[in-house]
Ligand SMILES: [Zn+2]
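Numbering (this note's numbering), first residue to last: 232 to 541.
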């Protein structure tokens with residue numbers, strides 16, 4: 232497995248915000264303590280280029296974001312904070328996903344995990360939103376398309392709807408999207424009747440669930456819908472918005488899952504990738520705000536991804 236982690240993700244200084252520097256320092260500590268840093272390949276990579284970012288975000292927004300960071304703008308949107316180091320962290324995060332996609336597509340390894348921040352799946356092409364500045368997974372899917380892949384499947388099990396990702400690919404039939412999320416909940420989108428438009432109709436699948444949904448039902452609904460879409464569209468690569476804020480103790484999200492469920496889901500999605508695309512899977516950290524449980528969930532997720540590989 233390729234593992235992307237970097238101390239510079241701590242440069243995105245959000246002060247007392249729940250999407251804190253401590254999240255990534257705790258994850259990095261776990262990656263060391265649990266032996267992942269010793270076991271995985273650690274590629275060197277570069278920040279996303281303007282060309283890579285501009286596949287998803289207009290130049291005007293990228294300039295605005297860079298200027299906010301230069302001026303240490305603080306709160307730029309109701310939920311979103313930037314600091315002077317946020318541009319470096321955000322472009323390094325999107326760059327990690329692009330690098331992982333390139334290496335996995337080239338066959339250097341089949342799987343990758345990107346331990347990055349800020350998260351990305353709420354970022355709209357034109358605006359920051361919900362702790363997110365650049366849409367890392369959308370930029371990664373567009374990198375895969377630029378490399379010539381026909382179909383990419385994005386799975387999003389963060390407790391929040393991946394509205395930014397959905398917005399990018401709403402009319403794009405080559406990028407499938409399955410999101411399971413608490414509903415009604417932030418950001419308010421992700422109803423079951425949101426399925427894409429035009430030639431992309433049916434390539435977007437939303438699974439809204441109640442806060443009380445039992446973990447086994449959550450997983451079954453995720454598995455059934457994703458397998459159905461994967462069978463229909465035959466992806467060449469699977470990308471995962473791996474949020475861990477559906478954990479029962481998460482202070483922001485809070486559904487009913489525990490670390491063991493993220494192990495099971497990791498094993499399942501690796502198997503799905505082996506079945507459809509030679510195991511090609513890039514998993515990308517999104518939310519997860521409990522400083523003890525989130526790193527445990529990442530550890531469990533990685534164990535699941537490794538369970539039957541090789
Ligand atoms: Zn979330």
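Yeah, the Cβ is synthetic: ideal placement off N, Cα and C, and Gly gets one too.
Taking C-alpha positions only, residue 292 is separated from residue 523 by approximately 35 Å. Contact between the region 271-290 and the region 320-335 is present: 3 or more CB-CB pairs across the two stretches fall below 8 Å. The C-alpha of residue 302 is placed about 42 Å away from the C-alpha of residue 457. Apart from the 5 residues on each side of it in sequence, residue 346 sits with its Cβ closer than 6 Å to the Cβ of 236, 258 and 516 in its chain, given in chain order. Taking a C-beta distance under 8 Å as the contact criterion, residue 256 and residue 241 qualify as a contact pair.
Separation of residue 306 and residue 313 (C-alpha to C-alpha, rounded to the nearest whole angstrom) is 6 Å. Inter-segment contact for the region 365-381 and the region 454-474 is present: three or more beta-carbon pairs are separated by less than 8 Å. Set against 7 Å, the gap from the CB of residue 517 to the closest heavy atom of ligand 1 is smaller. Taking non-hydrogen atoms of ligand 1 into account, the C-beta of residue 391 is found less than 7 Å away from one of them. In the DSSP annotation of this structure, residue 347 is not part of any beta strand (DSSP E), being labelled neither H nor E.
Secondary structure of residue 284 (DSSP, three-state): helix. Less than 8 Å divides the Cβ of residue 351 from the Cβ of residue 363. Residue environment: residue 281 is assigned as exposed (fewer than 16 neighbouring CB atoms within 10 Å of its CB, all protein chains considered).
Looking at the DSSP output, residue 235 sits in a beta bridge with 345. A contact is defined here as three or more CB-CB pairs under 8 Å, and the region 505-516 fails this definition with respect to the region 434-448.
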